[in-house]
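Trainee:
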Amino acid sequence: MAKYILSILVTALLSFVSGLYLPWWGIAIAAFLVSAAIPQKPGFSFLSGFLGVFLLWEVLAWWIDNKNNGILSQKIAVLIPLGGSTVLLIVITSLVGALVAGSAALAGCYARRLVYPQPVPEEAI
Numbered sequence: 009m010a011k012y013i014l015s016i017l018v019t020a021l022l023s024f025v026s027g028l029y030l031p032w033w034g035i036a037i038a039a040f041l042v043s044a045a046i047p048q049k050p051g052f053s054f055l056s057g058f059l060g061v062f063l064l065w066e067v068l069a070w071w072i073d074n075k076n077n078g079i080l081s082q083k084i085a086v087l088i089p090l091g092g093s094t095v096l097l098i099v100i101t102s103l104v105g106a107l108v109a110g111s112a113a114l115a116g117c118y119a120r121r122l123v124y125p126q127p128v129p130e131e132a133i
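Positions 9 to 133 (the numbering used here) are the ones given, in order, by the sequence shown.
1. Excluding sequence positions up to five away, which residues of its chain have a Cβ less than 8 Å from the Cβ of Trp33?
2. If you count every other CB in all the chains shown that lies within 10 Å of the CB of Arg121, and 16 or more means buried, which is it?
3. Taking the CB atoms as reference points, tell me whether Ala85 and Leu97 lie closer together than 9 Å.
4. For the alpha helix (DSSP H) holding Ser102, just list the boundary residues, first then last.
5. Would you be able to state if there are at least three C-beta pairs under 8 Å between the segment 22-39 and the segment 48-68?
6. Does the separation of the CB atoms of Gln48 and Ser23 fall below 9 Å?
7. Which residue marks the beginning of the alpha helix (DSSP H) containing Trp32, and which one marks its end?
8. Quick one: measure Cβ to Cβ for Cys117 and Ser53, integer angstroms, because I've assumed they're closer than 8 Å.
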């Protein structure tokens with residue numbers, strides 16, 4: 009459980025830092041690296057990447073939205089058929105980033121397994 013929470017926090021932190029210097033898809037690099045460095049089961053790997061970026065982008069989107077009084081998000085929510093719902097726009101934005109990061113984290117988990125194969129249990133032989 010500690011590795012899972014650590015993985016979420018480190019993914020969010022590295023994703024934030026990558027967002028300062030890289031394009032938006034830098035979150036995938038961050039999630040891949042964290043998942044490759046911290047060994048977990050594939051499901052937990054996906055969830056840690058997913059939740060790390062989902063929470064990060066959710067907080068950042070709310071913060072940016074509040075800073076400009078929701079002007080931009082209201083205009084975008086009208087352009088996309090969301091009925092003008094800024095809340096739905098922020099959630100969808102966070103889901104897109106979370107799916108990218110979760111997929112990259114899953115790829116990082118499997119890449120780690122290629123480099124460091126796990127021993128086969130005695131029962132499986």
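Quick reminder that beta carbons are idealized off the backbone N, C-alpha and C, glycines included.
Predicted model, so just to flag it, every value in this text is computed and none were measured.
Mentor: Answer, in terms of the structure:
1. Working through the sequence shown from its first residue, we reach residue 33 at position 25. When the five nearest sequence neighbours on each side are left out, the beta carbons in the same chain lying within less than 8 Å of the beta carbon of Trp33 are those of Val108, in order along the chain.
2. Locating residue 121 in the sequence shown gives position 113, counting from the first residue. By the Cβ neighbour-count rule, Arg121 is exposed, with fewer than 16 other Cβ atoms within 10 Å of its own.
3. Locating residue 85 in the sequence shown gives position 77, where the first residue counts as 1. Locating residue 97 in the sequence shown gives position 89, where the first residue counts as 1. It is a contact, given that the beta carbons lie within the stated cut-off.
4. As a first step, residue 102 must be located in the sequence shown, where it is residue number 94. Unbroken alpha helix (DSSP H) run through Ser102: Thr94 to Val123.
5. Judged by Cβ distances under 8 Å, the segment 48-68 makes contact with the segment 22-39, as three or more pairs qualify.
6. Position 40 of the sequence shown, counting from 1, holds the residue named residue 48. Position 15 of the sequence shown, counting from 1, holds the residue named residue 23. Remark: C-beta atoms of Gln48 and Ser23 do not approach each other more closely than 9 Å.
7. Locating residue 32 in the sequence shown gives position 24, where the first residue counts as 1. Taken as a continuous stretch (DSSP letters only), Trp32 belongs to no alpha helix (DSSP H), as it is neither H nor E.
8. Position 109 of the sequence shown holds residue 117. Position 45 of the sequence shown holds residue 53. At roughly 4 Å, the Cβ-Cβ gap stays under 8 Å, so Cys117 and Ser53 are in contact.
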